[in-house]
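Protein chains in written order, with our numbering: chain A, 115 to 453; chain B, 176 to 412; chain C, 274 to 565. Working notes, beginning with the structure itself.
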Amino acid sequence: MSAAEEVVTEAPAIEAVPKRAMTLGLGTSVVVLAALIIAPMFVKNFIIFQMTQILYLGLAVLALNILTGGSGQFSLGQSAFYAVGAYTSAILMEYSGMNYALTLPIAGVICFAFGFVFGQPALRLSGVYLALATFALAVAMPQLLKLGFFEHWTGGVQGLVVTKPDAPFGLKMSQDMWLYYFTLAITIGIYIASLNLLKSRSGRAFMAIRDNEIAASAMGINVALYKTLAFGVSAGITGVAGGLGAIAVQFVAPDSFTVNLAIQLFLGMVVGGVGWLPGSTVGAAFIIFVPNIAEGVSKGLSGAVFGVLLFLVIFLVPHGARQVAMMAQHLLGKLMKKN
Amino acid sequence: MTAMLNVKDLRAYYGQVQALHGLSFALNEGSLTTLLGANGAGKTTTLRAICNMVRSTGAIEFEGKPLAGRSTENVVRLGIAHVPQGRGTFTTMTVEENLQLGAITRGDSKNIVSDIERMYAHFPVLKERHTQQAGTLSGGEQQMLAVARALMLRPRLMLLDEPSFGLAPLIVRDLFKILGKINREDKVTILVVEQNAQLALELADQAYVIETGRIVMSGNAKEIANNEDVRKSYLGY
Amino acid sequence: MELFTNQVLAGIATGAIYACMALAVVMIYQAIDHLNFAQGEMAMFSTFISWQLMQWGLPYWWAFLATLIISFIGGIAIERLLFKPLAKAPILTNVAGFIALFAIVNSLAGLIWDFTIKQYPTPFGSSPFLGSQLISTHQAGMIGVTVLLLVLLFLFFQYTRIGLAMRAAASLPESARLVGINTSWMIALGWGMASAIGAIAGILIAPVVFLEPNMMGGVLIYGFAAAVLGGLSSPLGAVIGGFLVGVFENLAGTYIPGVGNELKLPIALALIITVLVVKPAGLLGRPIVKRV
């Protein structure tokens with residue numbers, strides 16, 4: 115045995131979500147879906163806009179859930195992929211007049227490639243080191259976007275304005291409402307595809323790598339391929355989310371995509387429940403609404419209030435919304451038994 | 176004679192899985208007892224439960240004091256030393272630092288120094304290597320270090336979990352001889368968990384046999400060793 | 274060639290800041306196996322406390338000492354109140370806790386002392402050191418204090434009982450408990466020490482970057498990077514890492530075209546990551562053998 119080595123038996127850093135808890139039950143899903151479809155008809159446009167925000171930020175959190183909760187790779191750099199997706203959509207829409215819907219798959223593919231490529235050097239890093247590397251990416255992105263070299267396309271510091279689309283086929287609904295349903299459809303599609311991915315062979319490979327990389331590779335799993343694949347998929351979905359965000363907000367600028375966004379997405383993942391896809395929207399709602407609430411409580415101390423609220427959440431439910439859902443399920447089960 | 180360690184109706188759990196199903200036994204002061212059984216029978220779990228390292232119910236009393244609710248380190252401070260499976264050596268620290276750590280809760284620094292010398296007398300090979308990193312020692316040497324470290328506590332009860340694991344037979348013989356010496360001369364009560372039943376029964380006064388979380392046999396070590404049926408059914412030889 | 278040497282020396286001078294911060298980072302990492310993202314903010318808050326004490330009339334060195342004690346106790350208090358309850362929670366939840374702490378401390382500092390930049394005194398003066406244009410007396414003082422801290426930490430860990438106990442608790446917590454060490458309190462102690470070291474870092478850094486609530490943002494990242502570069506288990510590595518990061522940053526700014534102030538950080542990080550890809554345990558870190 116050589117001197118000065120530390121032998122570590124690795125416990126998985128990221129806990130697995132129990133299989134039967136991975137999705138909402140069929141009944142719950144139907145109820146939630148119905149609510150999502152009906153709700154916009156009863157609320158003002160601004161609320162609809164916020165609901166759209168929750169959906170596409172939820173997509174970004176979902177992407178992070180696949181990467182971290184699924185394949186066990188940390189990322190504090192999702193804001194970079196989000197930015198690339200947003201700018202791709204904006205540039206395509208404004209400079210080549212492309213239809214907004216078409217820009218999304220392109221944004222997705224470009225970001226997939228970007229993520230896949232980034233995943234390569236990331237292979238040799240894990241844990242803290244990977245967190246630092248992705249963090250560097252997030253810090254670099256706004257600076258890269260401001261570079262004079264790209265200014266012709268990116269609009270430099272001022273960014274680009276994006277035109278909000280009208281509802282198609284002359285449908286009688288507001289732009290916000292149309293965008294909401296459009297986003298909802300894409301979100302549901304990606305959600306279902308992601309669930310299938312996690313249940314598939316690739317998904318199991320991801321999770322094997324998350325739980326014990328050495329054992330996974332000893333079992334013949336091509337760890338390098340699946341890790342970079344996870345990065346690519348995660349980046350791709352984040353890119354689509356970015357594109358949707360650009361369209362919804364009608365604007366892209368470098369300072370919208372700072373490290374702050376990456377940290378917010380991370381918090382969204384934790385609050386929603388790491389690796390629990392349905393929690394992604396709960397996490398997104400947290401990061402959209404709680405800062406506003408905090409500012410409402412005290413303008414000068416908004417950061418402190420936010421921190422306190424965050425602490426409250428993680429003290430009460432360290433496993434995030436998934437824990438709440440399980441407690442609710444448990445309660446429901448008990449109530450049913452009594453009857 | 177009241178028992179030094181009194182275990183009543185011990186049930187232990189790993190998460191939802193129950194590993195011990197109501198164990199009861201007692202250790203008399205000055206005795207050398209061995210706990211035998213196959214893999215997975217619950218021997219290690221028993222030792223861990225005594226030190227409150229697993230979730231358990233039931234009553235454990237040491238010298239009349241209940242152990243329930245105490246943290247592991249507080250159980251240890253009562254005078255119980257535990258040499259865990261795999262030895263738990265601090266591999267990145269030197270041999271001497273490991274011994275010093277054994278005595279870290281003691282206040283009498285002069286005696287600690289003389290105790291370290293006594294350990295070197297028991298285990299000369301440790302003296303040879305006392306500035307070496309513990310991780311560079313062989314398996315047998317690390318086991319001796321683990322026992323020596325436990326003794327540095329000046330424990331009244333010593334728990335050992337499979338000390339013979341991975342060691343050559345001759346080394347195990349030497350180790351067990353030293354354990355016997357410690358039991359007789361230093362008056363340390365010993366409970367040793369073993370898979371190597373034959374050697375353990377030669378060493379011990381009392382023996383218990385565990386199977387799937389329950390005690391199935393108890394009694395004088397020599398009688399159990401001489402009982403062919405018991406040996407064949409439970410101990411495999 | 275002369276430009277190169279000058280930039281290297283200047284880098285070492287600024288690197289002292291990162292070295293000091295990196296020491297605090299390694300201290301915490303040894304205790305809890307994580308990087309505490311709020312550490313920079315805690316250091317900043319401590320520095321503000323020392324500033325406030327001086328505003329109230331306390332001489333520099335008394336304020337320094339009082340701040341060290343307050344920071345030590347504060348670090349322990351934060352750990353006991355906020356992070357001990359999270360001990361059994363998943364790692365990522367703990368990281369969210371660090372982020373929450375960051376937000377709280379930063380916001381509180383902004384409210385109490387506002388965001389205007391304040392001057393902070395140095396006990397070393399800021400004339401050129403030994404006549405050199407590149408290193409001021411303050412920077413030399415920083416290097417000196419950092420090295421002194423390093424030596425004190427070394428002596429503490431190698432030659433005191435508590436230091437030995439802390440090393441044991443960090444190395445193998447279960448075995449540490451089996452020799453009677455209260456590992457929970459060792460963690461609290463680690464937090465206290467890291468907080469005090471962070472205070473020293475902040476007090477040394479403030480004269481250079483000026484005192485304001487956001488002063489530690491960039492410094493903390495560089496501190497992390499330096500600690501990681503040095504190998505997270507080695508205080509000496511952290512200090513060397515700090516100096517190296519200072520040099521990297523300076524050389525990148527000087528020699529790579531188009532790299533303004535904003536890109537220095539990602540480039541420095543990229544350089545560090547490159548080193549890690551080649552030597553994953555860092556320069557002085559212990560190679561970690563992973564067992565399945």
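C-beta atoms are modelled at their ideal positions from N, C-alpha and C, and glycine is treated no differently. As the structure is a prediction and not an experimental result, all values here were calculated from the model.
What is the DSSP secondary structure of residue i, reduced to helix, strand or coil?
{"i": "A332(A)", "result": "helix"}
{"i": "F397(C)", "result": "coil"}
{"i": "Q260(B)", "result": "coil"}
{"i": "M439(C)", "result": "helix"}
{"i": "N181(B)", "result": "strand"}
{"i": "D447(B)", "result": "One cannot answer for residue 447(B) here, as it falls past the ends of chain B, which runs 176 to 412."}
{"i": "T419(C)", "result": "helix"}
{"i": "D290(B)", "result": "helix"}
{"i": "A118(A)", "result": "Low local confidence applies: a pLDDT of 43 at A118(A) is under 50, so the model's placement there is unreliable, with the coordinate-based value given in what follows. A118(A): coil per DSSP, three-state reduction."}
{"i": "V424(C)", "result": "helix"}
{"i": "Q289(A)", "result": "helix"}
{"i": "F200(B)", "result": "strand"}
{"i": "D336(B)", "result": "strand"}
{"i": "F521(C)", "result": "helix"}
Given that a residue counts as buried once 16 or more other Cβ atoms are within 10 Å of its Cβ, and exposed if not, what is residue i?
{"i": "P299(B)", "result": "exposed"}
{"i": "A299(A)", "result": "exposed"}
{"i": "T278(C)", "result": "exposed"}
{"i": "E158(A)", "result": "Strictly speaking, residue 158(A) in this sequence is Lys, with Glu absent from that position. Under this definition K158(A) is an exposed residue."}
{"i": "A449(A)", "result": "One point to set straight first is that residue 449(A) is Leu, not Ala, in the sequence displayed. Label assigned to L449(A): exposed."}
{"i": "S314(A)", "result": "exposed"}
{"i": "I151(A)", "result": "exposed"}
{"i": "R324(B)", "result": "buried"}
{"i": "P368(A)", "result": "buried"}
{"i": "M115(A)", "result": "For M115(A), the predicted structure reports a pLDDT of 32, less than 50, and the residue's modelled location is therefore unreliable. A value from the coordinates is still provided. M115(A) should be labelled exposed."}
{"i": "A297(C)", "result": "buried"}
{"i": "K285(B)", "result": "exposed"}
{"i": "S400(C)", "result": "exposed"}
{"i": "P508(C)", "result": "buried"}
{"i": "W464(C)", "result": "buried"}
If you draw a straight line from the alpha carbon of residue i to that of residue j, how long is it in whole angstroms?
{"i": "V512(C)", "j": "T456(C)", "result": "27 Å"}
{"i": "L426(A)", "j": "F318(C)", "result": "23 Å"}
{"i": "L339(A)", "j": "G233(A)", "result": "9 Å"}
{"i": "H433(A)", "j": "P363(C)", "result": "8 Å"}
{"i": "T320(C)", "j": "L423(C)", "result": "20 Å"}
{"i": "T220(B)", "j": "F200(B)", "result": "14 Å"}
{"i": "K451(A)", "j": "M319(B)", "result": "57 Å"}
{"i": "G490(C)", "j": "D184(B)", "result": "57 Å"}
{"i": "S289(B)", "j": "F521(C)", "result": "52 Å"}
{"i": "S185(A)", "j": "S370(A)", "result": "28 Å"}
{"i": "L253(B)", "j": "R329(B)", "result": "11 Å"}
{"i": "P282(A)", "j": "A362(A)", "result": "16 Å"}
{"i": "W458(C)", "j": "E129(A)", "result": "26 Å"}
{"i": "A396(B)", "j": "E236(B)", "result": "24 Å"}
{"i": "L415(A)", "j": "A382(C)", "result": "9 Å"}
Which residue from the options puts its Cα closest to that of residue i?
{"i": "A121(B)", "options": "G394(B), H196(B) and E238(B)", "result": "Lying outside 176 to 412, the shown extent of chain B, residue 121(B) is not represented and no answer is given."}
{"i": "S380(C)", "options": "A215(A), A307(A) and A418(A)", "result": "A418(A)"}
{"i": "A360(A)", "options": "Y201(A), A376(A) and P405(A)", "result": "Y201(A)"}
{"i": "A400(B)", "options": "S393(B), Q373(B) and I390(B)", "result": "Q373(B)"}
{"i": "F320(A)", "options": "K341(A), M383(A), V404(A) and Y305(A)", "result": "K341(A)"}
{"i": "T267(B)", "options": "A382(B), M392(B), Y189(B) and Q308(B)", "result": "Q308(B)"}
{"i": "V192(B)", "options": "G315(B), G411(B), G215(B) and V391(B)", "result": "G215(B)"}
Pair every Cβ in the region 402–414 of chain A with every Cβ in the region 286–299 of chain A, then say whether three or more of these pairs are closer than 8 Å. no
Quick check: the region 353–369 of chain C against the region 393–407 of chain A, are there 3 or more CB pairs under 8 Å? no
Would you check if there are 3 or more beta carbon pairs closer than 8 Å linking the region 278–288 of chain C to the region 240–249 of chain B? no
Assess contact between the region 350–362 of chain A and the region 239–257 of chain A, defined as three or more Cβ pairs (one per stretch) separated by less than 8 Å. Is contact present? no
Taking 8 Å as the threshold, find out whether the region 181–194 of chain A comes into contact with the region 252–265 of chain A through three or more Cβ pairs. yes
Contact between the region 144–159 of chain A and the region 322–332 of chain A: three or more CB pairs below 8 Å? no
Using 8 Å as the threshold, is the region 300–319 of chain C in touch with the region 465–479 of chain C, meaning 3 or more CB pairs across them? yes
Any 3 or more C-beta pairs closer than 8 Å across the region 225–240 of chain B and the region 411–428 of chain C: no
Examine the Cβ distances between the region 267–283 of chain B and the region 436–443 of chain C and report whether three or more of them are shorter than 8 Å. yes
How about the region 206–214 of chain B and the region 364–379 of chain B: do they share at least three Cβ pairs that are nearer than 8 Å? yes
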